[in-house]
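Novice: Residue numbers (the working numbering), protein chains in the order written: chain V, 1 to 400; chain B, 1001 to 1400. Would you mind keeping the following structure in view while I ask a few things?
Next comes the structure, spelled out in structure tokens:
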């Protein structure tokens, strides 16, 4: 939906909307059992809710397109992800409250383990502890580059953020992460002429960092990706007329929400704390974005059972989520992460919307097969917000 | 579909298309019975027809968007309702054959009942009889405004049309109808600088009218909305190559059809007369638009049973509609009007298309739940005309 039209139709109401995003929600059936994670998991609360909801499958970006977390979430917030593009580096930097300047170039960094042959043997350096990672980040702050200031900031586990500040930097720099093990990190390459100097700075940064890390047992290397400058997003509260709170454990999702203009409320404690914070802030916000990461983490690890458990854990919170009596409660995913693929995928994502104005009764369970039959069918994820606004009685009639 | 492409593909044929629009057709299930109006009503003719037709659900404007009658009909006629915008005032004026000039500003008027406190106690003045309403309109013709000619024309029951004629009038004037009872009418506000003078004229009109109506027991007030100038629509007969007749009881729908270039044949008598007029004009037209209002009226009144009865009444005419052996017979709605909501809504609308070239057999009944399963799925209402043209063998092949 055109965001100017959204602005025109949005009207005040006292209604409340909760959007739960189960990261990487969608899955694929195991060949042996012909059942997907959602079909295998014991999720009776979600199943019962699905039977009383409008259900369907969301297409995050387009047919066959596997989204990153940024586009997947942008679509659910109503932004066309083909039009609004946010680099991973900016997401990470915003997520840790780093104050980016418009000319800064930010990148997401990963510590990794390099074998004696220089090839990557572990892309996440054994997911080293956050405090150990922070000490290494400290060490990288000694790096000096000609003509640019260098900021290195810890994120969580093996992740950090690199920010280059200076004149005439470009963000069209290729990733140094080969996205697999058994090969060395890639050199950064410029993808336009403005970014030639920046790519050279990045390679110099990597060279010095490698030197500083070489004595480390696990985190003796690094990769950089998602080079990006600050984007400008129409602000969510202005577009939809909603006071919006984001409840996300991981920095990237808080960062994304903040770029969209939501208030990110820190909640390191996970779902119990997220639910507590919804209750505490019920009167102060109209819209609550709740992010649940465990489904994606298990999917990425290729761990079918762990993903089922993550779904079951979320399912146990559904009664509490229902107890708020929100006018609209949505269960969505930013993309699929089938354990079978151990990666994000393009498959449409199960979705349900519960309100007093539902065409219910098409699906008896909350899973891929049942959602196909739902009254919402297979539909673009950018339609989620307009539907939520309608069900929350927050959209005026269009035309006479 | 791009209308230039439609023009290019349209080819002559001797085939006939009937489009029946049941206003506000779509509904929602009652919480007690879990059945919608279409599921509750005894509509065996429509059910049988659905089983032999292609069925689906139309999305009038877009996900979550609740259309007015104008956009809902425009979409069914093949016009993108986000591109072509027709104000209610123009619709009403055209519907009563008022000869609008391009510089005129027209508005839809409602007589209403004001309580002693000045608040609206009945938005429709008890739906006063058309002749009583016409006498009040007569009285309002005494109103004089500085620098603009005033036309007031009766429509039906509590409805009338106001037309201001003069130099430099703007139609960006806000509604005076608060859309609910228990509050006073709103003052007209200008929404752009061109319309500042016009809004002042409107407020002066209302002031004088209030004075002239103050002794009335029921219709002692009025509201004005849908301020609009004449739009230009590509003409339906040229776009689709169809000689088109509109058979609608209510002026607004005749007005809309005329703006699109159809010939509106007066038929105050309802379905019996509408069917008679199809027969009488069978050789003179290729396309018949039949409008049925009662479904929407009952829905707007929140009267579930009355909407079921309206559906049953329409159902009884289906055998006669089939007896024409039209090449394409379509049963559609311009939007949903669930009795549960007593208002238009955004929910997709049941649709069926019957021709010799149908992929039939998906739905056994004509209702929301069955249409979800249909071969057409959930699809944009602007696709209705291209589908009709195809099934009527009136579209040439695209490309070699």
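Where is the CB? At the ideal position from N, CA and C, for every residue including glycine.
Whose C-beta lies closer than 6 Å to the C-beta of residue 1375(B) among residues of the same chain, with five residues either side of it excluded?
Specialist: For residue 1375(B), where only same-chain residues beyond five positions count, the Cβ hits under 6 Å are 1054, 1359, 1362.
Novice: Taking Cβ positions only, does residue 1061(B) come closer than 7 Å to chain V?
Specialist: Yes - at least one Cβ of chain V is within 7 Å of the one on residue 1061(B).
Novice: Given a cut-off of 7 Å, decide if residue 1258(B) and residue 1171(B) are closer than it, judged by their beta-carbon atoms.
Specialist: In this structure, residue 1258(B) does not lie closer than 7 Å to residue 1171(B) by Cβ.
Novice: Answer yes or no: do residue 1015(B) and residue 1252(B) have a C-beta to C-beta separation smaller than 7 Å?
Specialist: Their beta carbons are not under 7 Å apart, which means residue 1015(B) does not touch residue 1252(B) by this criterion.
Novice: Nearest-angstrom Cα distance between residue 1182(B) and residue 88(V)?
Specialist: Each residue's alpha carbon lies about 52 Å from the other.
Novice: Between residue 1095(B) and the rest of its own chain, which residues show a CB-CB distance below 6 Å, the 5 nearest in sequence each way excluded?
Specialist: Answer for residue 1095(B): 1251, 1252, 1254, 1255, listed in chain order.
Novice: Check whether the Cβ atoms of residue 1299(B) and residue 1339(B) lie closer than 7 Å to each other.
Specialist: Taking 7 Å as the Cβ cut-off, residue 1299(B) and residue 1339(B) qualify as a contacting pair.
Novice: Helix, strand or coil, according to DSSP, for residue 154(V) in the structure here?
Specialist: In the structure shown, residue 154(V) sits in a strand (DSSP, three-state: E or B).
Novice: Can the beta-carbon of residue 314(V) be found less than 7 Å from the beta-carbon of residue 50(V)?
Specialist: Cβ atoms of residue 314(V) and residue 50(V): not closer than 7 Å.
Novice: For residue 1341(B), which residues in chain V fall below 8 Å Cβ to Cβ?
Specialist: Under the 8 Å cutoff, chain V gives 357.
Novice: Do the CB positions of residue 198(V) and residue 163(V) come within less than 7 Å of each other?
Specialist: No, they are not a contact pair.
Novice: In chain order, which continuous runs of the beta strand (DSSP E) of length 3 or greater are located wholly inside the segment 240 to 328 of chain V?
Specialist: For the segment 240 to 328 of chain V, whole beta strand (DSSP E) runs of length 3 or above, ordered along the chain, are 244 to 247, 287 to 292.
Novice: By alpha-carbon positions, which one of 1017(B), 1037(B), 1114(B) ends up nearest to residue 1306(B)?
Specialist: Selected option, being the one with the closest Cα: 1037(B).
Novice: To test your reading of the DSSP string, which unbroken beta strand (DSSP E) runs of 3 or more residues are found completely within the segment 1097 to 1124 of chain B?
Specialist: Complete beta strand (DSSP E) runs here, min 3: 1105 to 1114, 1120 to 1122.
Novice: Per DSSP, residue 1378(B) forms a beta bridge with which residues?
Specialist: Its beta-bridge partners are 1057(B).
Novice: Considering residue 226(V), what are the terminal residues of the alpha helix (DSSP H) in which it resides?
Specialist: Looking at the DSSP string, residue 226(V) is not in any alpha helix (DSSP H); the run it does join, the beta strand (DSSP E), is 221 to 228.
Novice: Per DSSP, which residues does residue 1345(B) bridge with? Please list them.
Specialist: Its beta-bridge partners are 1336(B).
Novice: From residue 206(V) to residue 114(V), what does the alpha carbon distance come to, in whole angstroms?
Specialist: In a straight line, the C-alpha of residue 206(V) is about 13 Å away from that of residue 114(V).
Novice: Quick one: what's residue 18(V) bridged to in DSSP?
Specialist: Looking at the DSSP assignment, residue 18(V) forms a beta bridge with 288(V), 329(V).
Novice: Count the other C-beta atoms from every protein chain shown that fall within 10 angstroms of the C-beta of residue 1104(B), then say buried if there are 16 or more, exposed otherwise.
Specialist: That one is buried.
Novice: So, residue 1058(B) versus residue 1342(B), is the Cβ gap smaller than 7 Å?
Specialist: No, the pair does not count as a contact, with Cβ atoms beyond the cut-off.
Novice: Note down the Cα distance separating residue 122(V) from residue 31(V), rounded to an integer number of angstroms.
Specialist: In a straight line, the C-alpha of residue 122(V) is about 28 Å away from that of residue 31(V).
Novice: Where DSSP assigns a beta bridge to residue 1165(B), which residues make up the other side?
Specialist: Per DSSP, 1149(B).
Novice: Residue 278(V) and residue 20(V) - do their beta-carbons sit closer together than 7 Å?
Specialist: No, these two residues do not count as a Cβ contact at 7 Å.
Novice: With a 10 Å radius around its C-beta and 16 neighbouring C-beta atoms as the bar for buried, classify residue 82(V) as buried or exposed.
Specialist: That one is exposed.
Novice: Pair every Cβ in the segment 144 to 164 of chain V with every Cβ in the segment 124 to 135 of chain V, then say whether three or more of these pairs are closer than 8 Å.
Specialist: Taking 8 Å as the limit for Cβ pairs, the verdict is that the segment 124 to 135 of chain V does touch the segment 144 to 164 of chain V.
Novice: By the DSSP assignment, the alpha helix (DSSP H) with residue 70(V) in it spans what residues?
Specialist: Residues 69 to 76.
Novice: Around the Cβ of residue 1285(B), are there at least 16 other Cβ atoms within 10 angstroms (buried) or fewer (exposed)?
Specialist: Under this definition residue 1285(B) is a buried residue.
Novice: Where does the unbroken alpha helix (DSSP H) through residue 198(V) begin, and where does it stop?
Specialist: Its alpha helix (DSSP H) spans residues 196 to 213.
Novice: Report yes or no: is there a C-beta of chain V within less than 7 Å of the C-beta of residue 1096(B)?
Specialist: Residue 1096(B) does not count as touching chain V.
Novice: Should residue 1334(B) go down as buried or exposed, given a rule of 16 or more other Cβ atoms within 10 Å for buried?
Specialist: Residue 1334(B) is buried by the Cβ-count criterion.
Novice: Could you check the C-alpha separation between residue 13(V) and residue 1184(B) for me, to the nearest Å?
Specialist: The alpha-carbon atoms of residue 13(V) and residue 1184(B) are separated by roughly 20 Å.
Novice: Nearest to residue 195(V) by CA position, among 109(V), 74(V), 117(V), 175(V), is which residue?
Specialist: The shortest C-alpha separation from residue 195(V) is found at 175(V).
Novice: According to DSSP, simplified to helix, strand and coil, what is residue 1183(B)?
Specialist: In the structure shown, residue 1183(B) sits in coil (DSSP, three-state: anything other than H, G, I, E or B).
Novice: In three-state terms, what does DSSP make of residue 236(V)?
Specialist: Here residue 236(V) sits in helix by DSSP.
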